[in-house]
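Undergrad:
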Amino acid sequence: MRQKGKMVAIQWTDKRQVNILSNADAKMVTEQRRTKRGIVEVQVPEPVVQYKSALFGVELNDQYRSYYPVGRPGTKWRRSLFNYPVQIASNSFVLMKRFRPNDTRTSASQNHLTFRTQLVKALISPAEPQPAQAQPAEDQPAEPQPAELAGNAHPYSPQHTLGKIPGRQRRCYQCAIDGKKMPCGRTRETTSGCHLCNVHLHAGECYAKFHSNLKN
Numbered sequence: 001m002r003q004k005g006k007m008v009a010i011q012w013t014d015k016r017q018v019n020i021l022s023n024a025d026a027k028m029v030t031e032q033r034r035t036k037r038g039i040v041e042v043q044v045p046e047p048v049v050q051y052k053s054a055l056f057g058v059e060l061n062d063q064y065r066s067y068y069p070v071g072r073p074g075t076k077w078r079r080s081l082f083n084y085p086v087q088i089a090s091n092s093f094v095l096m097k098r099f100r101p102n103d104t105r106t107s108a109s110q111n112h113l114t115f116r117t118q119l120v121k122a123l124i125s126p127a128e129p130q131p132a133q134a135q136p137a138e139d140q141p142a143e144p145q146p147a148e149l150a151g152n153a154h155p156y157s158p159q160h161t162l163g164k165i166p167g168r169q170r171r172c173y174q175c176a177i178d179g180k181k182m183p184c185g186r187t188r189e190t191t192s193g194c195h196l197c198n199v200h201l202h203a204g205e206c207y208a209k210f211h212s213n214l215k216n
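Below you can see the structure in the form of structure tokens.
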């Protein structure tokens, strides 16, 4: 430790050599450390204690990255593109450790090696198959319900008239029942239909077939 004016230069060895230039008080502070031999007291320069108390962000991430480095410098950008996200994943560990202090010391949120091990296992594990999505409801034809569609009107009633139904075009009911689809897989749509039944139907075959089923 050397001091000149208000500046003090400190060289202190913990796990590795630490060099600090500070204008703060350079007195020694006693800290308790957990070791294999139990709790021991260690003399630490106060500027080091102050620096460690505010240690976060880039400095802390760089510190953890140095413990378990991934890959090595090279000219092939593909390797760097893969290695860099794995390296900066230390940010997640820093945040987990900060905001989950009550977890056990061997958990992934408190143990850096456990975190890295679980991260690598997650990256190399095969992707889980995604559950098949249900077919959209509009493409699932339902069984015709004549009583609901035509009300109490007789199938031969002249009230069944073909015309344009107000609103946007919708799928043809009869095409959906027959499974007729366009190359894209969707049922053809139309704005025409039966006003009494309030069902969208293509003019001609679809309209006639739908009402002939009502008669049955």
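Quick note on numbering: UniProt numbering labels position 14 of the sequence shown as 14, and the sequence is numbered without any gaps. Idealized CB from N, CA, C, for every residue including glycine. It should be emphasised that the depicted structure is a prediction, and the values quoted were computed from it without experimental measurement.
Following the continuous alpha helix (DSSP H) through Arg79, name the residue where it begins and the one where it ends.
TA: Start and end: Trp77 to Ile88.
Undergrad: Excluding the 5 residues preceding and the 5 following Arg33 in the sequence, name in chain order all residues of the same chain whose CB lies nearer than 6 Å to its CB.
TA: If we look at Arg33 and ignore the five residues flanking it on each side, its Cβ neighbours are Val40 and Val42.
Undergrad: Please list the terminal residues of the continuous alpha helix (DSSP H) segment that includes Val49.
TA: From DSSP, the alpha helix (DSSP H) with Val49 extends over Glu46 to Ser53.
Undergrad: What is the rounded straight-line gap between the Cα of Pro144 and the Cα of His195?
TA: Low local confidence applies: a pLDDT of 45 at Pro144 is under 50, so the model's placement there is unreliable, and no value is given.
Undergrad: So, do the region 72–85 and the region 20–37 have three or more beta carbon pairs nearer to each other than 8 Å?
TA: Not touching, per the Cβ criterion.
Undergrad: So, using beta-carbon positions, are Asn23 and Met1 closer together than 9 Å?
TA: No.
Undergrad: Pairs of beta-carbons, one from the region 12–28 and one from the region 62–82, closer than 8 Å: are there three or more?
TA: Short answer: they don't touch.
Undergrad: For Ala203, count neighbouring C-beta atoms within 10 Å of its own C-beta (all shown protein chains included) and say buried if the count is 16 or more, exposed if not.
TA: Exposed, because fewer than 16 other Cβ atoms sit within 10 Å of the Cβ of Ala203.
Undergrad: Let me make sure I understand the geometry here. Which of Ile177, Val199, Thr187 and Gly185 has the alpha-carbon closest to that of Gly163?
TA: Looking at the Cα atoms, Val199 is the closest of the given residues.
Undergrad: Would you call Leu123 buried or exposed, if buried means 16 or more other Cβ atoms sit within 10 Å of its Cβ?
TA: When all chains shown are included, Leu123 counts as exposed.
Undergrad: With DSSP run on the structure shown, which of helix, strand or coil describes Thr114?
TA: In this structure, Thr114 counts as helix in the three-state DSSP scheme.
Undergrad: Going by C-alpha distance, which of Ser109, Arg188 and Pro69 is nearest Gln174?
TA: That would be Arg188, whose Cα lies nearest to the Cα of Gln174.
Undergrad: Classify Leu95: buried if its beta carbon has 16 or more other beta carbons within 10 angstroms, exposed otherwise.
TA: It is exposed - the Cβ of Leu95 has fewer than 16 other Cβ atoms within 10 Å.
Undergrad: Quick check on Ser189: does DSSP put it in helix, strand or coil?
TA: At residue 189 the sequence reads Glu, which differs from the Ser that was named. Residue state, collapsed to three classes: strand.
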